[in-house]
Amino acid sequence: MKIMIINGPNLNLLGKREPEVYGSTTFEDYFGQLKTKFPQVELSYFQSNIEGEIIGKIQEVGFDYDGIVLNAASYTHTSVGIGDAVKAVTTPVVEVHISNTHKREEYRHVSFISPGAKGVILGFGLQSYDLAIQSFLG
């Protein structure tokens, strides 16, 4: 099984950025934990602060992988293009968010990703990724 994790803008700063919201673990450290926890899965990881690169990666893996775990971060609430890319591919996508976006600013309550996603997991910290991977296994 092949699963691609795609992270959007500013998630390269996990562990440094707003630790009270996002925690103090870097994503690279957490990704190592995920690979150990799910040895039966070929996990890959991509992060970009650029909308077009995220769309390109969705298109690149969206017909060959078994799953995409997508945290589009702030693009979730603004990018019609990423939402359209999710709808255009055949690989199922699980939308994840570290924080509970419904407890945050009003504009974060809207997602352009959700209508094309297999499901949405939010508010469980980095464990949201773990839950998303489990959704493809079971």
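Quick note, this note's numbering runs 334 ahead of the 1-based positions in the sequence shown.
Using N, Cα and C, we set each Cβ at its ideal position, and we do this for glycine too.
Here the structure is a predicted model, which means the values were calculated and not measured.
Where the beta strand (DSSP E) containing residue i begins and where it ends
| i | result |
| --- | --- |
| L404 | G401 to N405 |
| V395 | From DSSP, V395 is part of no beta strand (DSSP E) but of the alpha helix (DSSP H) over E385 to V395. |
| H431 | V427 to H431 |
| L456 | G453 to L456 |
| F446 | Unbroken run through F446: none, as it is neither H nor E. |
| S382 | S382 -> no beta strand (DSSP E), and no H or E assigned at all. |
Assigned secondary structure, residue i (DSSP; H/G/I helix, E/B strand, else coil)
| i | result |
| --- | --- |
| K336 | strand |
| V420 | helix |
| V355 | helix |
| L278 | The chain is shown only over 335 to 472; residue 278 falls outside these bounds and no answer can be derived. |
| S413 | coil |
| S408 | helix |
Buried/exposed call for residue i, threshold 16 Cβ in 10 Å
| i | result |
| --- | --- |
| Y441 | exposed |
| E354 | exposed |
| F397 | exposed |
| S358 | exposed |
| Q381 | buried |
| L345 | buried |
| K350 | exposed |
Residue i vs residue j beta-carbon contact at 9 Å
| i | j | result |
| --- | --- | --- |
| G450 | V414 | no |
| S433 | L465 | no |
| M335 | Q374 | yes |
| F365 | V428 | no |
| I384 | I416 | no |
| A422 | N341 | no |
| H370 | T410 | Strictly speaking, residue 370 in this sequence is Thr, with His absent from that position. Contact: no. |
| L348 | Y356 | yes |
| G386 | T425 | no |
First and last residue of the uninterrupted alpha helix (DSSP H) at residue i
| i | result |
| --- | --- |
| Y463 | Q461 to L471 |
| Y364 | F361 to K371 |
Rounded distance between the beta-carbons of residue j and residue i, thought under 8 Å
| i | j | result |
| --- | --- | --- |
| V395 | V430 | Not quite, the Cβ-Cβ distance comes to about 16 Å (not below 8 Å), so this is no contact. |
| I467 | F372 | 6 Å |
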